[in-house]
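These notes are about the structure you will find just below.
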Amino acid sequence: MRRGWRRFCALAGVAALLVAVAWCVQFTARASPGSIPGAPTSPLAAFEGDLPVASSSEWTLRRAPLLRRAFVERVYGAAPPITSASVAHLTIDASALERTAQLQLLTLQLGAREPRIPFQIALLTPKTGARFPLLILSVFCGLDSDVDPRLPRPSWRPARCRTGPGRTLTQLSHGDAILHPPLREMIARGYAVAVFYAGDIAPDDPVLFGEAPIRQLPESQESGAIAAWASLYLSAFEALRLDPRTAPSRIALWGHSRYGKAALLAAALDPRVGAVIANQSGTFGATLSSATRGESATQIMRRFPHWFPRRSTAPDHRQDADEFDQHLLLALLAPRPVLLGNAGLDRWSDPAASFAAARSASDAYALFGRDGLAQDDMRLPQLAADIAFYVRPGGHGVRSSDWDRALDFLDIHFAAEPGPASAAAGGG
Ligand code: GTR
-14 MRRGWRRFCA
-4 LAGVAALLVA
6 VAWCVQFTAR
16 ASPGSIPGAP
26 TSPLAAFEGD
36 LPVASSSEWT
46 LRRAPLLRRA
56 FVERVYGAAP
66 PITSASVAHL
76 TIDASALERT
86 AQLQLLTLQL
96 GAREPRIPFQ
106 IALLTPKTGA
116 RFPLLILSVF
126 CGLDSDVDPR
136 LPRPSWRPAR
146 CRTGPGRTLT
156 QLSHGDAILH
166 PPLREMIARG
176 YAVAVFYAGD
186 IAPDDPVLFG
196 EAPIRQLPES
206 QESGAIAAWA
216 SLYLSAFEAL
226 RLDPRTAPSR
236 IALWGHSRYG
246 KAALLAAALD
256 PRVGAVIANQ
266 SGTFGATLSS
276 ATRGESATQI
286 MRRFPHWFPR
296 RSTAPDHRQD
306 ADEFDQHLLL
316 ALLAPRPVLL
326 GNAGLDRWSD
336 PAASFAAARS
346 ASDAYALFGR
356 DGLAQDDMRL
366 PQLAADIAFY
376 VRPGGHGVRS
386 SDWDRALDFL
396 DIHFAAEPGP
406 ASAAAGGG
């Protein structure tokens, strides 16, 4: 008995040591993101029979619609904003976050006809002021667990979100802000925040997604999950830009990893979105499929088949040479502000291949008399540039430091916009 106990203690000790070492590496290591691959074909070059682009109007009227159609048809499926027949507002707390914000639950009814799909959004607005710049973001586990326990429980959560230990481990491995965005900080800086959880409508599960409520809508029947999540970003955008409390030209989308892919797609498809922040969005996000040393197109499609429509014909550049790549998705964001967050140990999302995509996308910004990316070094972000890029130490996940950068970036870009937004908390 005593020997068994000793063996158990020894094994537990070794396991704890391994976890501690892994944690130290994840949170302290400064890995080099590697060398920057060569530039892909410029977004302005002739593209499949379309002549080279020489002006912003040619871009806006001719090339951009062509590229949008290509991303929808070849890669993601349709991701339209879905209008809501009505929006119900329920005040959960008029004095939330230590009396700095109002918390409301908004219920949209998505779709043109019955049966409509209820879509819930937690909206936090600073208590004083009006016409706030707005951040729209998605969370991984649910509004009740990630925003406020008084918000409704979702019908489904990913396995890692179902237990306390699962959530704690996720935070240990993926950073302090992976489950809880720093809402108080956003409010203090004068932003309104709209948070949604996709799991009720478009669950991130290969089996459940096939039967997901969003797939009942004619708009999304053929789409993969990335497009469905992009639709949710845009549906929230559509409803909130009409809210008298928000400044419609200062609405930003924020997403991490799989939701970073969705946020980029949403902003690329809808030029009314004011800015986008994609954290470690990787393959089929900001990273060039043709140059990535991380996750390949085939790997992601095998592992997450439900993220893509069944008929997706996205090329795997490791097998086929194809000029159609993710720099074109970034180019579709021109001339709007974009922040691309990266982590040195996150080789799977390949920051260097994302930097190359951002560099190349800058050609589209030049058409509008803008610089696009204005930095030569991946690690030295120029937050005032239209495209800003950083690589922080450590691995894949969301930390408070990622959010500090994101808010600094938005402060710069949204402050430059004229508008009456002024929260008592100051900023924006
Ligand atoms: C990974 C996937 C990435 C990224 C990530 C995430 O497993 O391979 O493309 O989306 O998940 O969303 O955390």
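Residue -14 is where the sequence shown starts when you use this note's numbering, and the numbers rise one by one after that.
The beta-carbon is built from N, C-alpha and C at its ideal position, and this holds for glycine as well.
This one's a predicted model, so the numbers in the text were calculated from it and none came from an experiment.
Item                                                                                                    : Value
Alpha carbon of M363 to alpha carbon of T76, nearest angstrom                                           : 43 Å
For R417: DSSP bridge partner residues                                                                  : Examination of residue 417 is not possible in this model, given that the chain is present from -14 through 413 alone.
For I121, the three-state DSSP class (helix, strand or coil)                                            : strand
Distance CB(A63)-CB(S297) smaller than 7 Å                                                              : no
contact_flag[the region 247 to 260, the region 209 to 224] where n(CB pairs < 8 Å) is 3 or more         : yes
Assigned exposure category for H381 - 16 Cβ within 10 Å defines buried                                  : buried
Three or more C-beta pairs below 8 Å linking the region 366 to 381 and the region 319 to 328            : yes
D301 (DSSP reduced to helix, strand or coil)                                                            : coil
Cα-Cα separation between A263 and G34, rounded to whole angstroms                                       : 31 Å
The ligand GTR heavy atom lying under 6 Å from the CB of R425                                           : Residue coverage of the chain in this structure runs from -14 to 413, which leaves residue 425 outside it and unanswerable.
C-beta atoms of A370 and L273 nearer than 7 Å                                                           : no
Residues bridged to Y182 (per DSSP)                                                                     : V124
Exposure label - L128; buried when at least 16 CB within 10 Å                                           : buried
R243 Cβ short of 6 Å to the ligand GTR heavy atom set                                                   : yes
Bridge-paired residues (DSSP) for A107                                                                  : L90, V180
Element boundaries [beta strand (DSSP E), containing R243]                                              : Here R243 belongs to no beta strand (DSSP E); instead the alpha helix (DSSP H) covers 243 to 254.
Per-residue DSSP class, three states only, for D307                                                     : coil
Heavy atom of the ligand GTR within 6 Å of G267 beta-carbon                                             : yes
Inter-residue spacing [alpha-carbon to alpha-carbon] between F91 and T68                                : The displayed chain sequence assigns Leu, not Phe, to residue 91. C-alpha separation (whole angstroms): 14 Å.
Segment contact, 8 Å Cβ cut-off, at least three pairs: the region 344 to 353 with the region 315 to 323 : yes
Reduced DSSP secondary structure (H/G/I, E/B, other) of I102                                            : strand
The region 193 to 200 contacting the region 220 to 236, beta-carbon criterion three pairs below 8 Å     : no
Among K246, T110, I211, G267, the one whose alpha carbon lies nearest that of R230                      : T110
Spatial distance of A406 from D389 (CA atoms)                                                           : The predicted position of A406 is uncertain, since its pLDDT is 39 and thus under 50; a value taken from the coordinates is nonetheless stated next. Cα-Cα distance, rounded: 20 Å.
CB contact flag (L29, I121, <7 Å)                                                                       : no
Pairwise C-alpha distance: D331 and D185                                                                : 29 Å
Alpha helix (DSSP H) segment containing T283, residue limits                                            : 282 to 288
Alpha carbon of L136 to alpha carbon of D78, nearest angstrom                                           : 10 Å
With 16 other Cβ atoms within 10 Å as the buried cut-off, status of C241                                : The sequence shown places His at residue 241, not Cys. Buried is the call here.
Extent of the continuous alpha helix (DSSP H) to which T85 belongs                                      : Careful: T85 lies outside any alpha helix (DSSP H) and carries neither H nor E.
Option in R84, P167, R278 with minimal Cα separation from R384                                          : P167
Spatial distance of L119 from T85 (CA atoms)                                                            : 16 Å
Uninterrupted alpha helix (DSSP H) stretches inside the region 140 to 202 (no shorter than 4 residues)  : 149 to 159, 168 to 173, 191 to 195
Beta-bridge partners of S69, as assigned by DSSP                                                        : L95
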